[in-house]
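Residue numbers (the numbering used here), protein chains in the order written: chain A, 12 to 704; chain B, 12 to 704.
There are 2 protein chains.
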Amino acid sequence: MKRNDKFIRLLMVLFLSIGTFFTYANPIKNAALTVIENNKIKVTVDEKTGSFTVLEKTTNHLWEADPWVKAAGLLTIKNQGKLENLNISSSKKIDVEQIGNDKVKLSFVNPAFENGEVAKGVSINTELRLKDGILEVEVMSVEKGEYNVTELRYPTRAFSLETDVDKGAAVIPQKQGVICPSYISPMNGGSFCMWDDATYYRKTSGKLPLFNNGIGLTMPWWGTHTEKTAVVGIVDVSARPDMFYNINNNGQYLFNSKGVMSPYKRIAFLDPVWKINRENERKMISYEFIPNGNHVDMAKAYRKEAIKDGYFVSLKDKAKRDPNVNKLQGAIYMGVYGGYPHYVEMPGMAFTFKELQDIIKTTHDELGVDNAFFHAWGVFSNFVPNCWPINENLGGVKGLKKAVDLTKKYGYLYSSYHAYSATLENDPEFNTDLFARDKEGKLRNTGSRWANIDQNKQLGLAQKSLHKEIAALELEADITDISFATFPDEDNTGLFNLAKYIDSLNLVNGTEHGQQQFIPYFDMFEGLTYLPNPNLVQFSHRAPLFNLVYHDAIAIFGKIQDPDNQISINGDFRVKSLRNILFGMGTTIFFSPYEFDGMKEMIRIANQVVSPVNRETFFAELTNHEYISDDFKLQRSNFSSGTEVIVNLGPVKQATKEGEMIPGYGYKVTFSDGRVAQGSFNLSYNASPTKKI
Amino acid sequence: MKRNDKFIRLLMVLFLSIGTFFTYANPIKNAALTVIENNKIKVTVDEKTGSFTVLEKTTNHLWEADPWVKAAGLLTIKNQGKLENLNISSSKKIDVEQIGNDKVKLSFVNPAFENGEVAKGVSINTELRLKDGILEVEVMSVEKGEYNVTELRYPTRAFSLETDVDKGAAVIPQKQGVICPSYISPMNGGSFCMWDDATYYRKTSGKLPLFNNGIGLTMPWWGTHTEKTAVVGIVDVSARPDMFYNINNNGQYLFNSKGVMSPYKRIAFLDPVWKINRENERKMISYEFIPNGNHVDMAKAYRKEAIKDGYFVSLKDKAKRDPNVNKLQGAIYMGVYGGYPHYVEMPGMAFTFKELQDIIKTTHDELGVDNAFFHAWGVFSNFVPNCWPINENLGGVKGLKKAVDLTKKYGYLYSSYHAYSATLENDPEFNTDLFARDKEGKLRNTGSRWANIDQNKQLGLAQKSLHKEIAALELEADITDISFATFPDEDNTGLFNLAKYIDSLNLVNGTEHGQQQFIPYFDMFEGLTYLPNPNLVQFSHRAPLFNLVYHDAIAIFGKIQDPDNQISINGDFRVKSLRNILFGMGTTIFFSPYEFDGMKEMIRIANQVVSPVNRETFFAELTNHEYISDDFKLQRSNFSSGTEVIVNLGPVKQATKEGEMIPGYGYKVTFSDGRVAQGSFNLSYNASPTKKI
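Structure representation (C-alpha cells):
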C-alpha cells in the first residue's frame, strides 16, 4: 500500500512539474492565461479563477496562487445572521482584461455561496499593476447588490509558504515584531511540541487590526520569504485593512464543523482583509519582491515608505532642537509607582517627595547609575485627567522640586505621570462630562476607562495645568500616557493637536506604547516591545521589526505592564536585558517604593550591561538582525554606529557559525572602537548550612 | 456639592441599617419574608423576588442577596439567535412555600424578557434546605414552554463580597487553584495597576467549565470568604454546572452596549450555571458555612467529600502495594524530548539510547541527583498511538534496557512516552479509523489531535504493546499521556477501562495533568499546576487548592508545556522552585538532548533545594497555606509531617509577622526534626573585563 502511494505521489509531482514547465516556459499568452511581465517579475493570471502567480525572475521563484483551492479572494457576506466567506473564483462571470503591458483588470460578477446559491448583483473589480519590482494589487470597487457585504480578503493565500518544504518565515509587525518560521523542524528545544500542535489548532490563524495597543500591528506591512527570495506587501497609507494570518495551519478550522479532516497541506500566508464599508481609502497593497531578502530587507523597504510618509524624524534632529534628548542615551527608565493614577495617596504605596529624593539619590550614589529617566506616578492631589496641583501632603512643590533638581544634578531626566484620556470610576469626582459620545449621545468607550475621554477635549485638559507644573518644577521632560497608544480609525485631529502642543513645549517627550504616526512629536515610546499576553509569540520568534524601521527615530523602553524586573512570557530580567541590547532598547524598571530594595541588583546590572550598549547605539540605525542558531536562540544585530551584539536567549551554550561559543544567557558586544564586552547571566542560590534549632 | 453627597450617603446608610435591623431583628415571619433557621444559620427568603439572605450566626455575618438587582437567578433563553438572560425575580408569579422547619419551596412562573414580554409557560422550581451548618440549594425542575431555554444561573450573585469593603477572597480551583482577593488595596507592587484596571474590564468575568485541561476547574466547588467567615459551595457529584465568575467587577459589561455607565458597585461572586438540557443529574449545590474560614478550610471541607466519593486513595496505600512508589519521593521529573511523539527520529532532536544512558549517568555521577523519574520521549519506530517497537536505529531493546537498568541502579524511575488518544496528521500512516464519531458518523474531535481517538478504543491500543515493552525492559513505571487530562461529560467507561488496565500492571503510574476521578489509578500527575496562558492569575494569587485536598493522594509535578526550566507567566526557575517547596511538588525539567548542558545547574539546585522538602512531605497532608505579607508574596505552608515552609515569591525582602526576614526569592524550611534550611536565589552576571581587539 505504502509503496503504491509513494509511486502515485511521484507521478503526480512529475505531472505537476511538466504542467508548470509548459505553463511558465511559454511566454506567449494562451487561451487560459493572461500575462504581464517585466525584467523582474512575471504575473500570470488564470482566467478561469482570476487568481494569479508571480514569478520572481532573479531567483526564479514562483509564488503560486492559493494552494488550497486557487481562490482569488474571499468575500464575506452576512447572511441570515451568519458570516459566510464566498470564494470569488466561484463567480458566474470572471473577466480578465489586459490593459497595455503593465496592467490587468479583473472583475468577478455574481459569486456563489457554498450551497451554490448565487449572490446576484454582487461584483468585485480589481487591478494588478506592474511597477518595476513592485506589483500593485488594488480593489477598485465592490458592488454589494442587496447583500450585507462586509469584507474582502484579497488577494487570498497568495505568496504562501509550504510548511517544512519552504524554509522561510511569515514576517509580522505585531507590536515590536515577530517572525513565524515556515518550518518547524529542526530545533526549538522542549517547546517544540507546543509549536507543532499549535499549527493544527485554530490559534495559528486569525485576524489582526492595525495600530492598536493590544494584539495589533504597529506598521501597515507584512511579508513572507523563503531561503532565496522575499515579498513584502505595503498597504496604501490611506487604507486600514486587517491582516489575516494562517501560520503553518492546514485549514482544519474550515472543516471542524463538517466533522471531516482537512485535505490541505500546512501553509503559511498573510492576507489583507479590506473593510468594504470603509470609504475614502485606496484599497491597495504594493508587493515588493526582494531576491535573497528576509525580515530585515522587508523592514528596510518599509523604512523608505515611512520616511516618505513623514513618520520618520531622527533622534539626531530631535537632539539638535533639544539637547536634553542626549540624556536618554543609556538611560534606565525608572517608573516609581505610588498607586496613582489609580488612587491618590494610596496607603502602602504612595511615596512622599522626600522618599522620592532618597530613591533618586540612592540610584546615583549607591547604585552608580550613569543615566536615568525617573517617571513618578503619584504626585498630584487629584485623579487623572486633572494632573494638578502637586500634592501638599506628600511634600508640595518645594519637596518635589528638590527631587527634580536632584535628577538634573545627576544628568537624569524627570517627569510626573500625566494622562488626559481617562476618567476613573473610583474618582470621587467621577462624571461622564468629558466622555466621547456617538451621534445619539450614547457614551462610546464605557468599557475602557483609559480611553473614555473625547480626544478633542484632551488638549484642553493638558493646557489647564501642564504649563504650571513645568514652571513650578522647571521640567526638562514630559510623559503623557495612553492617548498615543493607539491610532483610532477616525478623525484624529484631537490627538494630533495634543501631540503638537506637547511637542511645542520642547521637552524630552515620552508616551505610552506609541504609534508611528506620533513619532515626529515624541522622543521616547514606553513599551513598543511585547505585551505579557502571548498572541503570536507562541509559535514565532520575536524580531525587532519596529526598531529596524525606527530605531534612530524614537527611543524604545520596556512596557510598564511588563517591565524588565518582572517575570513573564517575554522573559525574566536576564532575557529581557539581553533582548534590550540586541534590539537597541533601554532598561525599564517599574516598582512601588516598598519594592525599591528588591530592584537594586537589577538596576546595577542594567547600568553595567545594558546602558553602555544603549548609549553607543542610541542615535544609530539598526541595520541588521539575524538568527544564528538552529533553535533561533542565538541572535546577532548590527547598528550603523559599528556596534555588533550577539546574545544567547536560551540556557544552552551555543556556537556562532564562526565557532565562537556564547554561554547560556550570554552576550558578546563589540563596540565601535573595537572594545569587546562579554559575559553571561547566572542563577545561583545562597544557602545557610542546614542547622538544627 | 461633595458635602451634600456625603450627607445623603450617610443618611442612606442609616436607613439601610435600620431596615436591616428591623428585618433581621424580628425572628417572626412577616408578610414579605419566609424564614428557616437553626442554631448556625438563618435563611430569609424575600417573597417578592424569591432571592434569599443567609445569616451565619456564629460570626453574625449576613450574606446578602444579589446586591445589584436582588435577582434570585438568571435564566438564559435563546431568542431569535440571541442569548438573553431573564431575571427570574421578574416572573409574573413567584411562590414561596415553607415546608416544615428546614425547607422552602420556590417557584418562578412566567419570567419576563428585558423588553417586558413574558416567557409564557416557563417556570422554575427550586428548594432551599437546611442541614445543620449546610444549606442545600437545588433546582428541582425547569419547564421550558415553547422556548429554547439553555442555562440557569442559580442562585445568582449570592454570597458576594463588596470590593475593598469586604477583605476576603473568591476561591476558585482553576487548575491547581487561585484565590481572587476582594480587596485590591493595599499592595500588589507595580502590578497593582493591571489589577485595578482589570476589575473594570470584561476579563474579570466569565464562565469556567469543570474538568478540562485548559482553563477549567479541577474540582466541583468554590467559595467566598470575608475576614471573619467563609462559605463554600460543593456541587452534587452527579452534576456538571459551569461556574460564572465576577471578580471585583462592577458589571459594566452589562451596560456597554447601552452606552451608559454601570450604576453598580464592584463585587466578587461565583455562580453555578446549570445546563438545563443535561439530564440524569441532581442540580444541587450545598453551601457549607465556616466561621473564621478561608481557602484552606474550604479545601478541607471538600476533602471530606472527595474521600466519601472515592476519589481519595492515599500515596501511603499506593506505596504499600508497590514499594517503587517510594522512589517518587524527592524525585526530579526529567522529560527527555526527542521530537517524538510529534516525529520519529527527528533530526537535531532525536537521541540514541547511548546518549540517553549518558544523560542518566551524568545526572547521577556529575550532578549528584538522589532521586529522579526519567521520561523518555522518542524511543519507538512508529507514531502514537502505536508505541512499539522500540527503535532499532536508536539502539534497540538492548540499548534502551541499558538506560533503564542504569535508572534502576541509581534508584531512579523510568518510563517511555505513551499515548493512546491521538493520531497525528503528519504520521505517514495517518487515517481516521480510530476516531470518535457522532451518531451520523461525523468525526467528533477533528480540531484536537490529542483527543481524536474514541475512548473505547484506547484500552485495545495499550494492550497491543505495553506488556511487550514492560517485559522487554523490565519496567517499574509507566506514563500514559493525555487520556486522563480531561474528564469528558459523557460515558467515561472507556477511560476507566484504560485506567484500570494501567493500574493492574502495578507499576508507578503517571499521567498528564490528571483529574480527580483518576487519582485511585495513578501515583503521579504531570502538570496539575498552572498553564502558561494567564486566565485568572492576572487578578488573583495562586493557591494550592488541589494539593490541600489531594497532596497525600497523588504526587504532583510541573507541566511539560511549562516546565520549571522555562520562563513563563508562572515564573522562572527561581519562582517555580519556591512554589514547588511551598505546595509540596516535585521539580520538572523538560528538554531536548542538545539542551541538557543548559539544564545542569538547575537540576543541581533542584536536588539541593527542592528535593529534600519534597522527600519529607511526600506522604504528608498539606495542612495549611497562608499569605503572610500585604502583597501576598510571602507565603507559608505546613504539612502533616511537621514540615513548615516559608517562601518569598517576590524580589523584595520581607518580614514575617514574627519578625523573621526572608530575602527576595528566599525560603526558610523547618524540617520535622527541627533542622532549618534557608537561602535565596540570586541573579548575577559574569563579565570578562571589556577588552579592545
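Glycine residues also receive a C-beta, built at the ideal position from the N, C-alpha and C atoms.
C-beta neighbour in chain B for residue i, strict 8 Å
i, result
"H353 of chain A", "yes"
"P197 of chain A", "yes"
"E523 of chain A", "no"
"K186 of chain A", "no"
"Q646 of chain A", "no"
"Q263 of chain A", "yes"
"M272 of chain A", "yes"
"F594 of chain A", "no"
"I580 of chain A", "yes"
"D438 of chain A", "no"
"R20 of chain A", "Only weak support is given to the placement of R20 of chain A: the predicted model assigns it a pLDDT of 48, under 50, and the question is left unresolved by the model."
"L454 of chain A", "yes"
"K131 of chain A", "no"
"G304 of chain A", "no"
"I370 of chain A", "no"
"D583 of chain A", "yes"
"V380 of chain A", "no"
Residue i, enclosing beta strand (DSSP E) - first and last residue
i, result
"Q109 of chain B", "104-110"
"A279 of chain B", "278-286"
"D489 of chain B", "488-491"
Beta bridge counterpart(s) of residue i as assigned by DSSP
i, result
"L454 of chain B", "B:R448"
"F391 of chain A", "A:I401"
"R647 of chain B", "B:E637, B:I657"
"Y678 of chain B", "B:V658, B:G690"
"C191 of chain B", "B:A181"
"R553 of chain B", "B:V189"
"P302 of chain B", "B:T240"
"D57 of chain A", "A:L44"
Extent of the continuous alpha helix (DSSP H) run through residue i
i, result
"F255 of chain A", "From DSSP, F255 of chain A is part of no alpha helix (DSSP H) but of the beta strand (DSSP E) over 253-260."
"D623 of chain A", "Looking at the sequence shown, residue 623 of chain A is not Asp but Pro. That run of the alpha helix (DSSP H) goes 607-628."
"T504 of chain B", "504-515"
"K570 of chain B", "First-last for K570 of chain B: undefined, no H or E at that position."
"A310 of chain A", "306-319"
"K413 of chain B", "407-420"
Own chain residues within Cβ distance below 8 Å of residue i, not counting five before or after
i, result
"F391 of chain A", "Y351, V355, N397, C398, W399, P400, I401, N402, S427"
Any chain A beta carbon closer than 8 Å to residue i
i, result
"P543 of chain B", "yes"
"T443 of chain B", "yes"
"R460 of chain B", "yes"
"P358 of chain B", "yes"
"P220 of chain B", "no"
"L694 of chain B", "yes"
"K668 of chain B", "no"
"Q466 of chain B", "no"
Contacts around residue i, its chain only, beta-carbon distance under 6 Å, and the 5 residues preceding and following it disregarded
i, result
"V123 of chain A", "The question names Val, but residue 123 of chain A is Ala in the sequence shown. Answer for A123 of chain A: S101, V129, listed in chain order."
"T681 of chain B", "E655, V687"
Own chain residues within Cβ distance below 7 Å of residue i, not counting five before or after
i, result
"C191 of chain A", "A180, A181, I183, I258, A279, L547, F550, S551"
Any residues in the region 495-522 of chain A with a beta carbon nearer than 9 Å to a beta carbon of chain B? Which ones, in chain order? none
Chain B contacts made by the region 203-214 of chain A, where a contact means CB separation under 8 Å: F203, C204, M205, D207, D208, Y211, Y212, R213
Taking a cut of 9 Å between CB atoms, which residues from the region 603-618 of chain B lie near chain A? S603, Y605, E606, F607, D608, G609, M610, E612, M613, I616
Contact residues within the region 649-662 of chain B, judged by C-beta distance below 7 Å to chain A: G661, P662
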